[in-house]
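Asks: To convert a position in the sequence shown, counted from 1, into my numbering, add 2.
The beta carbon of each residue, even a glycine, is placed where N, CA and C say it ideally should be.
These numbers come from a predicted model, not from an experiment.
Starting off with a structure, shown below.
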Amino acid sequence: MSDRREVAQGVNILIIEGGGARGLSSLIILNEIMKRVQNTKSLSKLPAVRDHFDVVAGTGTGAVIACMVGRLGMTTNQAIEQYTKLAAVFSERKWMSATVYKTTTLQEVLKGIVKAATGDENTMMIDGQHEGAMCKTMVFAMSSENMNASIPCTFRSYQSPVNQMPNCAIWQVLSATMSHPGMFKPVEIELDHLRQSFIDGGFGCNNPAMHVLDEAKAILPGRHVSSVVCIGAGHSKTIRVAPPITASLVGVVPTNVLKSTRQIALDAERVAEEMDKRFRSIPGVYFRFSVDQGMQAIKMNEWEKLEQVVSNTRAYMRGAKVNQSISQSVAAIVERKQAVENQRIATSQAARYKACPAPTPAFTGREDTIEQIVKCISRGDTQRCVFVLYGLGGSGKTQLALKTVQQTRDTWTDVVFVDATTHETAVATLATCFS
């Protein structure tokens, strides 16, 4: 198929949310969509996703799927086969470590997935061989050192005039966006001659729909949108991390990471609701699919339950309303009607939740100081309470504050973490919290 599409045609956008093991659910749903596209167009074989979508985006495991079906051009059947290979990464836990799984194992599996598609495990993210290719792929990761405004870093398969990230190997990008805190170490990527560490994009935008629409405006100016298909990985309550078997020996997933992981799911649903409102007056354009029942007990790193994920997803798709919605999305994808000009889609970002970082696992002691802090700030129901920690750089002020939050988290209805590294980061964080 030609790498050029008629400007008169509408734009199809595919967005895949993160979800760990449950991400297979997204692929099963996408596979059903592509089978119906094949049937509608009377094609002899299953069509490639990138032949029918102009923009494919994802975060976390959704980024892996986006790259497989977008940048690497796999069919959904091929992507399902490759996706299940990620289970090997989670089959062995690390001992005496701050993280549960080996980043090196993750990267080796990702290299194998890329090599299966291109023959070269070090294939780069930017598609230099098909400049101007019809399908643009973008994936999201978060800088582990500056997450104040929940603004993700976008790695693209194409050149961008603004905020261009370095062109690195696909496996590097995917390992970065899958590096869930507590599960994997942050992944370092060279940016402007400096090493910068990245973590799971879900901590800033598990549902990156707003960011994707903003990007679509920039790279496809003046075009009209035909469809926006967003695929989640299960009901919000299902986004959890299975804790280590032996907490005293295995790297413990910090409690605040578990809390923020649950909030990530709520954030994805909030964005989905906002998207639904934006497109409510334009029916037949925005479609979101996410299994709402049956996967509540499946945690994001329980890859041994993939068969259960498949079973629950197929049951979800058999529902009359979902079945009808899938058929409607296929019609929009195939017909490519100019439904709405992309410049007219409002995409202002709502405030996003940002979790307070966890203290280093090596932090111990200082219980007397923590007790003193708690005693001071626990009188907040009767008076304004302020506790100032001061000392030389490197004396442990930040870790002491984070440890206090960790030990007393259930005492407070809300904890606001302000990144005061600079005046700008402090202002940005406060604006995000109280906008």
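Bridge partners for isoleucine 201 per DSSP, in chain order?
Replies: Answer is Met144, bridged to isoleucine 201.
Asks: Whole-angstrom Cβ separation of cysteine 137 and aspartate 56, contact assumed at under 8 Å?
Replies: Confirmed, about 6 Å.
Asks: Would you mind reading off the limits of the alpha helix (DSSP H) that contains cysteine 378?
Replies: 369 to 379
Asks: Just verifying my parser: in three-state terms, what is the DSSP assignment at alanine 59?
Replies: strand
Asks: Give me, in chain order, the residues of the same chain whose beta-carbon lies closer than 8 Å to that of threonine 156; leave out the 5 immediate sequence neighbours on both sides.
Replies: Residues Met140, Val141, Phe142, Ser162, Asn165, Met167, His213 and Glu217 of the same chain have their beta carbon placed closer than 8 Å to that of threonine 156, with the five preceding and five following residues left out of the count.
Asks: Taking the alpha helix (DSSP H) that threonine 400 falls in, what are its first and last residues?
Replies: 399 to 410
Asks: Taking the C-alpha atoms as reference points, what is the distance between arginine 225 and leucine 29?
Replies: 28 Å
Asks: Mind checking arginine 320: buried by the 16 CB within 10 Å criterion, or exposed?
Replies: That one is exposed.
Asks: Out of curiosity, what's the CA-to-CA distance linking arginine 316 and glycine 234?
Replies: 14 Å
Asks: I'd like to confirm the pairing. Which residues does DSSP put opposite leucine 193 in its beta bridges?
Replies: Leu196
Asks: Count the other C-beta atoms from every protein chain shown that fall within 10 angstroms of the C-beta of tryptophan 305, then say buried if there are 16 or more, exposed otherwise.
Replies: buried
Asks: State the DSSP-derived secondary structure class of valine 252, mapped to helix, strand or coil.
Replies: Because valine 252 sits at a pLDDT of 37, beneath the cut-off of 50, its placement in the model cannot be relied upon, and the point is left open.
Asks: I need the straight-line Cα distance from serine 283 to threonine 400, nearest angstrom please.
Replies: 48 Å
Asks: Are the beta-carbon atoms belonging to proline 188 and threonine 61 less than 8 Å from one another?
Replies: no
Asks: Helix, strand or coil: how does DSSP classify leucine 222 here?
Replies: coil
Asks: Do the CB positions of methionine 127 and valine 175 come within less than 8 Å of each other?
Replies: It is a contact, given that the beta carbons lie within the stated cut-off.
Asks: Exposed or buried, which one is valine 51 when buried takes at least 16 other CB atoms within 10 Å?
Replies: By the neighbour-count criterion, in which 16 or more other beta carbons inside 10 Å mark a residue as buried, valine 51 falls on the buried side.
Asks: Using alpha carbons as the reference points, say which of Val13, Ser159 and Thr410 lies closest to glycine 130.
Replies: Ser159
Asks: Could you work out which residue in Cys387, Ile335 and Ala341 is closest to lysine 43 when comparing CA atoms only?
Replies: Ile335
Asks: Taking the continuous beta strand (DSSP E) assigned at arginine 316, which residues delimit it?
Replies: Where arginine 316 is concerned, there is no enclosing beta strand (DSSP E), although the alpha helix (DSSP H) it sits in stretches over 308 to 319.
Asks: Okay, do the segment 17 to 33 and the segment 296 to 303 touch, 3+ Cβ pairs below 8 Å being the bar?
Replies: yes
Asks: Rounded to the nearest angstrom, what separates valine 311 and alanine 81 at their Cα positions?
Replies: 16 Å
Asks: From the DSSP output, read off the bridge partner residues of serine 229.
Replies: Asn14
Asks: Output needed for isoleucine 201: all residues of its chain with C-beta closer than 6 Å, excluding positions within five of it in sequence on either side, in chain order.
Replies: Met144, Ser146, Ser181, Pro183 and Pro188
Asks: May I ask you to report which of helix, strand or coil DSSP gives valine 417?
Replies: coil
Asks: Identify the residues that DSSP records as bridge partners of alanine 171: which are they?
Replies: Met126, per the DSSP bridge assignment.
Asks: Using three-state DSSP, classify lysine 138 as helix, strand or coil.
Replies: Note: lysine 138 maps to strand in three-state DSSP.
Asks: If I measure Cβ to Cβ from glutamate 34 and keep anything under 8 Å in the same chain, skipping five residues before and after, which residues do I get?
Replies: Around glutamate 34: Met319 and Ile328.
Asks: With 16 other CB atoms within 10 Å as the buried threshold, where does glutamate 275 fall?
Replies: exposed
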